[in-house]
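Have a look at the structure below, then the notes.
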Amino acid sequence: MIYDASTFDLPIRIKTDLCVIGSGAGGAAAAAVAAELGLDVVVLETGPFVPPSVMNQREEDMMPALLRANGSQTTTDGRCTIIQGRALGGSTVHNTNLCKRIPDAILDEWEETRGMKYLPRSRWEEIYQQVEAALDVSPIESHRVNHHNQLFQRGCEALGWDSGGLLHNRNGCVESGFCSLGCSYDAKNNAAKIYVPRIVEADGQIFTHCQAVRVLHRDGKAYGVEAVALEPTTRRSMGSVTIEADQVCVSASATGTPAILLRSDIPDPSGETGNRLTIHPALVAAGEFDKPVRGWEGIPQSIASSEFLDFEAAHPPQDAGDAARARAEEVGHRTWLIPVFAHPMSTATIMPGWGKEHRRLMERYDRMAVFTAMVHDRSHGTVRPSGELDLDIEWSPAEPDRRELLFGLARTAELLFAAGAKRVFAPHRPLIELEPGDSLSPLHDIDLTTGAIDLNAVHPMSSVPMGDDPSNAPVDSRGKHHHIDGLWVADGSLFPTSIGGPPQLSIYALGVHVGQSIADL
Amino acid sequence: MSEEEAKSPEDSEEANGDGLLHMTRRKFLWLTGAGVVGALAVGRFGCYSTEQWEGQVLARWEAHTMAAAALALIPDEPGRWPTEGPTPWEVAANVDRYLSGMPQAMLREIRGMFVLIEQGTLLGCGIRRFTRLPAAKRLDVLLTIRDRGEMFALAFEGIRALCYVGWYQDDHTWQRLGYDGLMIQREGPPAVPTPEQSAPYQELVAEPGAVPRGVL
């Protein structure tokens, strides 16, 4: 059952076989599989349970209910916003349901560099198939492509760029366009809808408003989790919740998981825990059209372009020659282009300026298309715990990623013009406004280090990268920690690198993989 | 040297009983100075209007600062408040609700931002606090803070973003954007709280007061 820990008689101490920290794609899948295989499971979730019946489509209500720091989580320098979920189901509750497997070139590289003996390609195929069946993954039908995405496709066709439809995990979608605020129509086949009922059905227990602080361990063996119940409104600690468990699986996301491991003084001779964060940074440009676009209507993202996303070029084999290595460093192989749109409050905070300038920009809201360039990044950021409940994230683009980001921003502008935009805006301070035929060089000249333009990210990953050699990885390819028995990781932290596309499907798959590995032990 | 010899001329006056209300010049100057400092302190830190404030996160002075910043940043011209949306005070209340539950570290940063803005006129040797300035002057102060760069610029971006969080969450501001608002309020498919759809979720939730299994 689902219990609200803020209603417990505190302090409380509970014994179970497996404690899973986090209920997002990785944690929920791992918990469901392990519970179904016979383990007694307790899942700890920091956020609330927000069922569709209380999702009211209002940004000011749903962002605080569903997102970390109410949607305002940033890197410590404030220059990159990192959106992550903090509700039962994690980020799968507010994401846009895109499903994409990890490309072969990346899996090849991981096998070459990290071993991956417990996760050969055959195993990936097996767990992907399980998850795709569970989530009912299907192509987004062409009649569901909204006007905003049609403009994107039109631009790609005009430029001769590759574009195509995407896969999603929705059933009964009414195309409301409010996916990022949770689905009031329960059409998302997310972790709360698919895996949470399985956990409960298998007699697992879920504690919401319960934040894990540290993993308890001694003599190289995990023996539980120290957590606190949170007051639902202020989110301050109300008292301790101690879980005694022989197995602990940390699935608190690529930011939360390393913070907990580091706060717990979990040994890691490789030094990789919390030091290899990647985020898929993105920049956006907006185009103004003569006729209404109404980008908030319908499925937000149904078409994307991989014209500048060449995994084979970006990930040459280890024995590749100099030419292939040089090509991998060229710009234009690591950018994914896709439409993106936000409701008014979020849009207004991104739009630069104030007063009249800002109001004039917002008056064009219904005639705007917004395209984003998301980069398959290589720069490594860090995550550190901050006090008992918070964490600090640092990430800034190294030169290759900086060049790729600005290259991508220029391509979004090019694409908007090709789609028919009469004006393109980059949300730079001061505003960069371009008209058809203008040089795109102002976009290439942006200095990303000064905070003149906001970076956005929604895919933190690779902060506890798996690998079979304990000297260069904290966990193996089962998700099992190399140095603490009974300690596991099951979330996007495990990816050895960024993966260049929406990660939810692969995180679910890793959850299934780790859950089975725990139960098999 | 005797004690009397060590006295300054002002002290001698006191001994003579001369001066206003038996006050020495030094004491007079000291009290005057203290009075000015006190008045400045009250002017700087006190005397906020008694308009009702029931915020959960923002203190009254922070709400005043929020509303004052909104009046500078949201209108076409500072001080000429648009008619279609919430009042500046309502913007502050909207922001207060939005901030509820923020991580403590972030709330500390936000409080620092409000101190910087409200008392930021000191950076330019200004006497009056931010909320006591005319709207146009407030914008000047905010831009001065922004132009100092780094964390100051982030503070400006922070207050700017909060203004729009408080303004554009109000339904009345949407018509100008061509935004037709919430789908659940329009004609269309019903949202989920139909009994047959919400029931499966309710069945997953333990009864209030239920004790989990495995309690030691």
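Chains as they are written, first to last, in our numbering: chain A, 56 to 576; chain B, 42 to 257. Beta carbons: idealized from backbone N, C-alpha and C, even for Gly. All values derive from a computational prediction rather than experimental measurement.
- Residue burial annotation: residue 499 of chain A is exposed, with fewer than 16 other C-beta atoms found within 10 angstroms of its C-beta.
- A contact between stretches requires three or more CB pairs, one per stretch, nearer than 8 Å, and the segment 503-518 of chain A meets this requirement with the segment 325-342 of chain A.
- Taking C-beta separations shorter than 6 Å and ignoring five residues to either side along the sequence, the partners of residue 74 of chain A in its chain run 97, 280, 298, 300, 303, following chain order.
- Taking 8 Å as the cut-off, the Cβ atoms of residue 83 of chain A and residue 251 of chain A count as close.
- Straight-line measurement puts the Cα of residue 400 of chain A at about 7 Å from the Cα of residue 114 of chain A.
- Interface with chain B (8 Å Cβ-Cβ cutoff): residue 534 of chain A is excluded.
- Each residue's CA atom was taken as its position, placing residue 93 of chain B and residue 142 of chain B some 22 Å apart.
- Secondary structure in the segment 56-129 of chain A: the beta strand (DSSP E) runs of 3 residues or longer, each lying completely within the stretch, are 57-59, 67-76, 96-99 in chain order.
- DSSP, read as helix, strand or coil, puts residue 124 of chain B in coil.
- Of the candidates A:392, A:308, A:430, A:70, the residue whose Cα lies closest to the Cα of residue 211 of chain A is A:392.
- For residue 117 of chain B, the nearest CB of chain A lies under 8 Å from its own CB, placing it at the interface with that chain.
- Pairing residue 183 of chain B with residue 133 of chain B gives a Cβ-Cβ distance that is not under 8 Å.
- In the three-state reduction of the DSSP assignment, residue 170 of chain A falls in the coil class.
- Interface annotation for the segment 144-159 of chain B against chain A: 144, 145, 146, 147, criterion Cβ-Cβ distance under 8 Å.
- One Cα belongs to residue 256 of chain A, the other to residue 130 of chain A, and the distance between them is close to 39 Å.
- Closest in C-alpha terms to residue 528 of chain A, from the list A:426, A:419, A:324, comes A:324.
- Residue 337 of chain A is bridged by DSSP to A:429, A:511.
- The C-alpha of residue 464 of chain A lies about 15 Å from the C-alpha of residue 454 of chain A.
- Annotation for residue 180 of chain B: 113, 119 place their beta carbon closer than 6 Å to its own, counting only its chain and skipping 5 residues before and after.
- Neighbours of residue 171 of chain A in chain B, taken as residues at a C-beta separation under 7 Å, are lacking, since the least C-beta distance is about 35 Å.
- Proximity of chain B to residue 57 of chain A at the Cβ level (cut-off 7 Å) is accounted for by 245, 246, 247, in chain order.
- In its chain, beyond the 5 residues on either side, 347, 349 have a beta carbon closer than 6 Å to the beta carbon of residue 421 of chain A.
- Contact annotation: residue 561 of chain A and residue 309 of chain A have beta-carbon atoms that are not nearer than 8 Å.
- What residue 255 of chain A touches in chain B, judged by beta-carbon distance under 8 Å, is 245, going in chain order.
- Residue 147 of chain A is positioned such that its CB atom lies closer than 8 Å to that of residue 80 of chain A.
- The beta carbons of residue 207 of chain B and residue 136 of chain B sit closer together than 8 Å.
- Using a Cβ-Cβ cut-off of 8 Å, residue 210 of chain B counts as an interface residue toward chain A, since at least one Cβ of chain A sits closer than that to its own.
- Here residue 119 of chain A is not near residue 205 of chain B, since their CB atoms are 8 Å or more apart.
- Shown here, residue 188 of chain B sits in a helix according to DSSP, grouped into three states.
- For residue 117 of chain A, not one C-beta of chain B is nearer than 8 Å to its own C-beta.
- For residue 97 of chain B, no alpha helix (DSSP H) run applies, since DSSP gives it neither H nor E.
- Under the three-state reduction of DSSP, residue 180 of chain A is assigned to helix.
- Residue pairing of residue 154 of chain A in beta bridges, as defined by DSSP: A:222.
- The beta-carbon of residue 142 of chain B is placed less than 8 Å from the nearest beta-carbon of chain A.
- Going by beta carbons, residue 228 of chain A and residue 354 of chain A fall inside the 8 Å limit.
- The residues 160, in chain order, have a CB closer than 6 Å to that of residue 367 of chain A in the same chain once the five nearest residues on each side in sequence are set aside.
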